[in-house]
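Residue 158 in our numbering is what sits at position 76 of the sequence shown, and the numbering runs on without skipping anything. A short worksheet on the structure shown next.
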Amino acid sequence: MMLVPKAGVLRDRVANLNAEARLISLEDGEQLRQSVLRPGEKNWRFPFFPRSDFFHMGAFYANRLVSVVSFLVESTGNASIGRGESWRLRGMATTLEMQNHGVGGQLLEQGLAEVERRNGALVWCHGRTSAGRFYQNHGLQRVGETFEIPGTGLHALYTKQLEPIDFGYEFCPKSRSA
């Protein structure tokens, strides 16, 4: 699938930047995540242990992986947030040279669309507050107070309610004749 920017999303960014988004394995994104999220920790591995449905996506530019994101079915632990199946966004990372060019945002939008295709009702993450504007620009809202995650800094809970998929018809059980 090709990443197509939403109108206005790429303002003040590199024009005609075409990246390709596709599903990848956890291992495909490990080196990029380590270099961006934990640059000083050579032996760090992304802690990812899903109990249910999940997927990983990558954005490729000039045949090189430049951005990654993962989604997994996981409750927020807060019953007052959202209804329906919750998906957690984890390990969002974009190479330093491709940050602020719209690639990460395009990948996030593709990931949100994939969650919707899988009938997810809510996406949430513990995002770094330094990336708060990024998440908010893509429709996630900050909920509650900030908190510290040792070694990575201040974070906040960000959530986005998704639209249910409309298949264009209503379910009507077939009536049985007597």
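Think of the CB as a built atom: it goes at the ideal place given N, C-alpha and C, for glycine as much as any other residue.
Let me know the secondary structure DSSP gives A195 once reduced to three states. Residue numbering aside, residue 195 sits at position 113 when the sequence shown is read from its first letter. In the structure shown, A195 sits in a helix (DSSP, three-state: H, G or I).
Where E156 and E179 are concerned, what is the direct C-alpha to C-alpha distance, given to the nearest angstrom? For the purposes of this step, residue 156 is identified with residue 74 of the sequence shown, where counting begins at 1. For the purposes of this step, residue 179 is identified with residue 97 of the sequence shown, where counting begins at 1. In a straight line, the C-alpha of E156 is about 32 Å away from that of E179.
Beta-carbon proximity list for S152, same chain, < 6 Å, skipping 5 on both sides: In the sequence shown, the residue the question calls residue 152 occupies position 70. Same-chain partners within the cutoff: H138, R172, G173.
Beta-ladder partner(s) of H220, from DSSP: Taking the first residue of the sequence shown as position 1, residue 220 is located at position 138. In DSSP, H220 forms no bridge with anything.
Going by DSSP in three states, E123 sits in which element: helix, strand or coil? Here residue 123 refers to the residue found at position 41 when the sequence shown is read from its first residue. Judged by DSSP in its simplified three-state form, E123 adopts coil rather than helix or strand.
Per DSSP, which one or two residues make a beta bridge with Q235? If you number the sequence shown from 1, residue 235 lands on position 153. Per the sequence shown, the amino acid found at residue 235 is Gly instead of Gln. For G235, which the question treats as bridged, DSSP gives the partners I231.
Between the CA atoms of P232 and R210 - distance to the nearest angstrom: Taking the first residue of the sequence shown as 1, we reach residue 210 at position 128. Taking the first residue of the sequence shown as 1, we reach residue 232 at position 150. Going by the C-alpha atoms only, they are around 12 Å apart.
May I have the straight-line CA-CA distance separating Q243 from L204, to the nearest angstrom? Residue mapping note: residue 243 aligns to position 161 of the sequence shown, counting from 1. Residue mapping note: residue 204 aligns to position 122 of the sequence shown, counting from 1. Going from the Cα of Q243 to the Cα of L204 covers about 5 Å.
Which class does T211 belong to by DSSP, given the choice of helix, strand or coil? Translated into positions along the sequence shown, residue 211 becomes position 129. Looking at T211 - three-state DSSP - the assignment turns out to be helix.
Under a three-way DSSP split, which group does Q243 fall into? Stepping through the sequence shown from its first residue, residue 243 is reached at position 161. Three-state result, Q243: strand.
Give me the residue from L194, E198, W169, F216 with the minimum Cα distance to H183. Indexing the sequence shown from 1 puts residue 183 at position 101. Of the listed residues, the one whose Cα sits closest to H183 is F216.
Which residue's Cα is closest to the Cα of V118: S149, G226, E227, L239? The residue given as residue 118 occupies position 36 in the sequence shown. Closest option to V118, Cα to Cα, is S149.
Flag this pair as yes or no: are the beta carbons of L154 and L114 separated by less than 8 Å? As a position in the sequence shown, residue 154 is number 72, starting the count at 1. As a position in the sequence shown, residue 114 is number 32, starting the count at 1. No. Outside cutoff.
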